[in-house]
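Residue numbers (the numbering used here): 1 to 423.
If you want it as structure tokens, here you go:
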């Protein structure tokens with residue numbers, strides 16, 4: 001069967017153990033910060049790839065042909081792979097396997113064909129300047145990524161290190177945390193670490209006034225929550241008021257129970273069919289950075305609302321499909337779990353969900369109407385699984401006193417597809 005990977009190497013593989021590719025991490029101190037072994041790898045290479053900054057830092061050691069890394073990034077990977085078997089060196093910033101080119105190349109080049117010489121990462125340099133213990137810090141990259149990814153990590157007393165894209169990154173971060181209610185947080189802007197232009201400055205987020213920031217920077221953030229700060233809890237069942245909605249929302253208690261039944265596992269994909277406000281898909285993704293979700297919603301206004309909720313709650317990577325199930329499900333990647341929050345009674349929706357779910361995958365359906373409940377009872381009779389009747393009451397004022405006000409009861413069917421059952 002032919003390899004469909006466009007970056008897959010062509011022609012015969014180099015002999016196992018032949019280390020034709022060197023990846024050398026280089027810092028702002030240039031050649032002075034390299035070990036003799038790392039410098040030798042650059043000097044001995046016939047071709048040296050790197051960004052313009054990297055090539056300038058290493059220029060005195062380059063004996064072969066210097067090749068600037070092209071744009072788009074993937075083109076550079078193709079060029080490196082096309083030279084398999086030759087003596088090639090790739091220059092990288094700091095640690096090539098920390099949000100770096102090394103991790104990308106390792107997907108295509110066996111480790112026994114690479115010689116990697118890392119330098120201190122920006123995070124290691126930053127903690128050494130701030131006196132922070134690296135294991136106690138949350139390290140994040142906003143380089144080429146949405147800054148909204150920072151939001152779930154804004155907890156009082158937490159320390160973050162954030163790698164930014166450019167000179168505008170620190171100000172944008174300060175604005176985001178201030179609007180979210182964390183304006184008293186302390187920002188440490190660390191620029192051009194390890195080089196002659198190194199500069200470390202601190203300022204409160206709400207009073208950010210730094211100018212002339214070097215494009216190469218990392219930000220240390222000491223989080224301080226103000227009154228009304230938007231704190232995204234670590235457990236499922238976020239307060240309903242954190243979601244923008246029109247009433248079509250899986251409420252807090254039901255949402256927590258639904259996510260428990262969906263049982264997210266690392267790296268899995270969820271389909272949220274009839275997503276409403278997107279709350280289940282959003283909290284699925286918040287459970288772990290490796291989790292992915294696709295929200296399927298028919299109404300345009302709700303779809304737009306889901307996108308806003310996803311950004312505001314720190315999971316901008318939520319994929320949104322506007323359309324009606326089951327037609328809107330065609331061509332989507334197969335899910336590990338499916339939640340049907342709306343449209344379960346529509347013709348073909350349940351059959352399509354059951355058919356496409358991966359073996360070992362979980363299906364959870366919530367019903368509030370008798371018609372949908374009847375469908376779930378029939379499915380349970382035919383396929384098994386677990387039926388749960390959930391009735392929740394909340395205390396509310398009654399004639400100057402307090403009484404229980406019941407919410408509409410919910411029937412939940414949860415089912416795991418047998419591992420041996422084909423899709």
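All C-beta atoms in this analysis are idealised placements derived from N, C-alpha and C, irrespective of residue type, glycine included. A quick note: this is a predicted structure, and the numbers were derived from the prediction, not measured.
Quiz item: Nearest CA to the CA of residue 213: which residue from 226, 232, 191, 223?
Solution: 191
Exercise. Output the distance between the C-alpha atoms of residue 219 and residue 164, rounded to the nearest integer angstrom.
Key: 7 Å
Self-check item: Which residues DSSP lists as bridging residue 339, in chain order
Solution: 272, 364
Quiz prompt | Per DSSP, cross-strand counterpart(s) of residue 217 | solution = 191
Practice problem: Whole angstroms is fine: what's the gap from residue 151's alpha carbon to residue 228's? | Solution: 15 Å
Practice problem: Could you round the C-beta distance between residue 30 and residue 58 to whole angstroms and report it? I think they count as a contact, below 8 Å. | Solution: 7 Å
Quiz item: Any idea what DSSP makes of residue 390, helix, strand or coil?
Solution: strand
Exercise. Please report the residue range of the beta strand (DSSP E) in which residue 91 lies.
Key: 88-93
Quiz item: Between the C-alpha atoms of residue 127 and residue 138, what's the straight-line distance to the nearest angstrom?
Solution: 11 Å
Quiz item: By Cβ distance, which residues of its chain are closer than 8 Å to residue 202, with the 5 residues on each side in sequence left out?
Solution: 186, 187, 188, 189
Quiz item: Whose C-beta lies closer than 8 Å to the C-beta of residue 350 among residues of the same chain, with five residues either side of it excluded?
Solution: 340, 344, 365, 375, 379
Quiz item: Taking Cβ positions, are residue 327 and residue 356 nearer each other than 9 Å?
Solution: no
Quiz prompt | Assumed close pair residue 291, residue 264 - CB separation to whole angstroms, cut-off 8 Å | solution = 6 Å
Exercise. Please state whether DSSP places residue 350 in a helix, a strand or coil.
Key: helix
Practice problem: Compare the C-alpha of residue 91 against each of 354, 62, 147, 78 and name the closest. | Solution: 62
Exercise. To the nearest angstrom, report how far apart residue 193 and residue 226 are at their CA atoms.
Key: 31 Å
Quiz item: From residue 93 to residue 119, what distance separates their C-alpha atoms?
Solution: 8 Å
Exercise. Quick one: which unbroken beta strand (DSSP E) runs of 3-plus residues sit fully inside the region 125-152? Chain order, please.
Key: 138-141
Practice problem: Sort out for me which residues DSSP pairs residue 65 with in a bridge. | Solution: 47
Quiz item: Within the chosen definition, does the region 143-162 reach the region 243-263 through at least 3 CB pairs nearer than 8 Å?
Solution: no
Quiz item: Who are the Cβ neighbours of residue 360 in its own chain at under 6 Å, not counting the five residues just before and after it?
Solution: 419
Practice problem: Figure out for me which residue from 198, 371, 103 has the closest Cα to the Cα of residue 122. | Solution: 198
Quiz item: With C-beta atoms as the reference, is residue 297 less than 9 Å away from residue 322?
Solution: yes
Self-check item: Stretch pair the region 102-121 + the region 34-43: three plus CB contacts closer than 8 Å
Solution: yes
Quiz item: Can you tell me where the beta strand (DSSP E) with residue 403 in it begins and where it stops?
Solution: 401-406
Exercise. Rounded to whole angstroms, what's the CA-CA distance from residue 267 to residue 64? Just pull it up for me.
Key: 42 Å
Quiz prompt | 8 Å Cβ shell around residue 260 - same chain, five flanking residues per side excluded | solution = 236
Quiz item: What residues in its chain sit with their C-beta under 6 Å from that of residue 336, if we drop five residues either side in the sequence?
Solution: 268, 269, 358, 361
Quiz prompt | Backbone secondary structure at residue 440 - three-state DSSP | solution = Residue 440 lies beyond the stretch modelled for the chain, which goes from 1 to 423, so this question has no answer here.
Quiz item: Which word fits residue 368, buried or exposed, when buried means at least 16 other C-beta atoms lie within 10 angstroms of its C-beta?
Solution: exposed
Quiz item: Hey, quick one: how far does the alpha helix (DSSP H) through residue 454 stretch, first residue to last?
Solution: Residue 454 falls outside the range modelled here, since the chain spans only 1 to 423, and no answer is possible.
Quiz prompt | Rounded straight-line distance, which links the Cα of residue 411 to that of residue 394 | solution = 18 Å
Practice problem: Work out the CA separation of residue 310 and residue 387 for me, nearest whole Å. | Solution: 30 Å
Exercise. Using beta-carbon positions only, say whether residue 460 and residue 89 come within less than 9 Å of one another.
Key: No answer is possible for residue 460: it lies beyond the span of the chain, which begins at 1 and ends at 423.
Exercise. May I have the straight-line CA-CA distance separating residue 27 from residue 195, to the nearest angstrom?
Key: 7 Å
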